[in-house]
Ligand code: ZN
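Residue numbers (my numbering): 561 to 1065.
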């Protein structure tokens, strides 16, 4: 065996251990979010943190850095898109990122995040923003310091964005978001000036058992492999991966609202299809996962919105749903049901927002966090800035902060900067990829209206899923679409779909 083959083998063994430790930590977290009794919380928090710390220590071992240095000539001699060159390239990137942040700082930040999260869980129901100000001010300070471990940035948010969406820059995203809100704001105005659509058919009693069974029947059709995954119940729906053979989703069922559980299930199944579709040859390495927050969200949005809020999908599945819930939906027409699941309204809460307004909620948060990082907005002035932005963009403002700037956990239990952009970029990309899929496989909508998803799922697996993290998001977008990120397809998608549901200018 050559020396570089030997070293590559050693690197893979070390990386597999890191991956196994992270997966074991993920199992602990999954259990906490699904079945663990409340009494386990304190010990579990400690156990999850311990697993993360051991994995981190193993990963930043100088021996890993030495192996990466020694393997650099091998990486350069191999094709850029080969598994091994990609492994060395991506591991080096992650390694260099990890070693720059002192472990003491990480511990300090994580301790502060727990305290901030705790304060938020008490302050939000009491609508007491004031109580969270000192926590948020410290979070802002720590977020700035975190960015400063990566000197040479163009904008202070860039290093923070890099954690979730590597290779995307503040200036690029700002330009895209400003173009997007320029198109969305008039669209929302035109739609919400019309009579609101009636969605009462969704707000009847739908027993949990039948809801779960219907959702699982659908995602099985999508291609979610239940021999390599499962679904459970939780408070905040999520997807998690323990290995290529075990990718799990958790959903939330409300018996008085059919949409809540069903679209959570199809959303999370999109994340899971991505993870189940990663090439098994990449298993146990940093490449064996979706490549960025935006790419991941593009897949959850594809299956949740483009597919399962689409007309072709319900042409096949609505009769099935009527059979499952004959008393509730037997006399409700497909048209009425389709309008109900695609009802657009000005609303205050991001996670409840419809497809047309959703990105505006995200863009508002992105702009506010940039202003805070730039020093142009002080934490104490956040509620006022929030309400002004909502009024300008969505024509509605919250009467209390619990429904305003305190609604999302991100700033309170995480960092300020880099955590929101993926949600809106995901919407843009879902439509951009779908347009490409249609060019290659024009039969997709017809297939979907027959309850089949092989063409779409196959195209996504071939072009996106199997690559895992071999390519950065910008690289992958370029490979798949032949150009950079573009809001055109998303605007076309929204105008075509909602032009059929509302009168548009
Ligand atoms: Zn998601």
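Backbone N, C-alpha and C fix where the C-beta goes; we use that ideal spot for every residue, glycine too. Only a predicted model underlies this, so the values are computations on that prediction, with no experimental measurement involved.
Which of the three DSSP states is assigned to residue i in this structure?
{"i": "residue 1030", "result": "coil"}
{"i": "residue 618", "result": "helix"}
{"i": "residue 1014", "result": "helix"}
{"i": "residue 960", "result": "coil"}
{"i": "residue 705", "result": "helix"}
{"i": "residue 791", "result": "strand"}
{"i": "residue 975", "result": "coil"}
{"i": "residue 597", "result": "coil"}
{"i": "residue 566", "result": "helix"}
{"i": "residue 903", "result": "coil"}
{"i": "residue 1003", "result": "coil"}
{"i": "residue 777", "result": "helix"}
{"i": "residue 1038", "result": "helix"}
{"i": "residue 641", "result": "coil"}
{"i": "residue 1046", "result": "coil"}
{"i": "residue 892", "result": "coil"}
{"i": "residue 1075", "result": "Outside the shown range of the chain, which is 561 to 1065, sits residue 1075, and nothing can be said about it."}
{"i": "residue 736", "result": "helix"}
{"i": "residue 993", "result": "helix"}
{"i": "residue 785", "result": "coil"}
{"i": "residue 939", "result": "helix"}
{"i": "residue 970", "result": "helix"}
{"i": "residue 988", "result": "helix"}
{"i": "residue 729", "result": "coil"}
{"i": "residue 909", "result": "coil"}
{"i": "residue 1024", "result": "coil"}
{"i": "residue 585", "result": "helix"}
{"i": "residue 1009", "result": "coil"}
{"i": "residue 980", "result": "coil"}
Taking the alpha-carbon of residue i as reference, which of the options has the nearest alpha-carbon?
{"i": "residue 703", "options": "831, 721, 904 and 1021", "result": "721"}
{"i": "residue 838", "options": "808, 576, 1026 and 668", "result": "1026"}
{"i": "residue 866", "options": "882, 1040, 810 and 998", "result": "998"}
{"i": "residue 530", "options": "749, 627, 1002 and 909", "result": "The first residue shown for the chain is 561 and the last is 1065, placing residue 530 beyond what the model contains."}
{"i": "residue 575", "options": "896, 630, 848 and 995", "result": "848"}
{"i": "residue 1037", "options": "1015, 1065, 991 and 1060", "result": "991"}
{"i": "residue 749", "options": "937, 951 and 614", "result": "951"}
{"i": "residue 799", "options": "589, 700, 870 and 929", "result": "589"}
{"i": "residue 1081", "options": "626, 625, 646 and 856", "result": "This structure does not reach residue 1081, given that the chain is present from 561 up to 1065, and the question cannot be answered."}
{"i": "residue 706", "options": "606, 664 and 987", "result": "664"}
{"i": "residue 841", "options": "900, 805, 605 and 1044", "result": "805"}
{"i": "residue 723", "options": "1035, 1042, 978 and 1019", "result": "978"}
{"i": "residue 628", "options": "566, 666, 696 and 671", "result": "566"}
{"i": "residue 1011", "options": "1057, 880 and 902", "result": "880"}
{"i": "residue 985", "options": "1047, 570, 569 and 820", "result": "1047"}
{"i": "residue 860", "options": "649, 699 and 987", "result": "987"}
{"i": "residue 942", "options": "1004, 925 and 956", "result": "925"}
{"i": "residue 696", "options": "682, 687, 677 and 1000", "result": "677"}
Would you give the residue range spanned by the alpha helix (DSSP H) that residue i belongs to?
{"i": "residue 932", "result": "915–934"}
{"i": "residue 856", "result": "853–861"}
{"i": "residue 1063", "result": "Taken as a continuous stretch (DSSP letters only), residue 1063 belongs to no alpha helix (DSSP H), as it is neither H nor E."}
{"i": "residue 884", "result": "871–884"}
{"i": "residue 950", "result": "942–954"}
{"i": "residue 722", "result": "718–724"}
Closer than 6 Å by C-beta to residue i: which residues in its own chain qualify, once you throw out the five before and the five after it? Chain order, please.
{"i": "residue 835", "result": "801 and 807"}
{"i": "residue 914", "result": "904"}
{"i": "residue 792", "result": "594 and 810"}
{"i": "residue 728", "result": "721"}
{"i": "residue 850", "result": "834 and 856"}
{"i": "residue 933", "result": "716, 717 and 977"}
{"i": "residue 1005", "result": "872"}
{"i": "residue 644", "result": "638"}
With a CB to CB cut of under 7 Å and the five nearest residues on each side skipped, what residues in its chain are close to residue i?
{"i": "residue 1009", "result": "872, 875 and 876"}
{"i": "residue 731", "result": "714 and 715"}
{"i": "residue 832", "result": "784, 789, 799, 807 and 809"}
{"i": "residue 864", "result": "823, 826, 827 and 830"}
Cutting at 8 Å between CB atoms, please list the residues of its own chain near residue i, excluding the five before and the five after it.
{"i": "residue 660", "result": "709 and 710"}
{"i": "residue 1055", "result": "747 and 1064"}
{"i": "residue 845", "result": "572, 575, 576, 579, 647 and 651"}
Ignoring anything shorter than 4 residues or poking outside the segment 643–694, list the alpha helix (DSSP H) runs there in chain order. 643–660 and 663–683
Give, in chain order, every unbroken run of the beta strand (DSSP E) that is at least 3 residues long and sits entirely within the segment 744–769. none
Enumerated in chain order, which unbroken segments of the alpha helix (DSSP H) with a length of 4 residues or greater are wholly contained in the segment 797–851? 818–836
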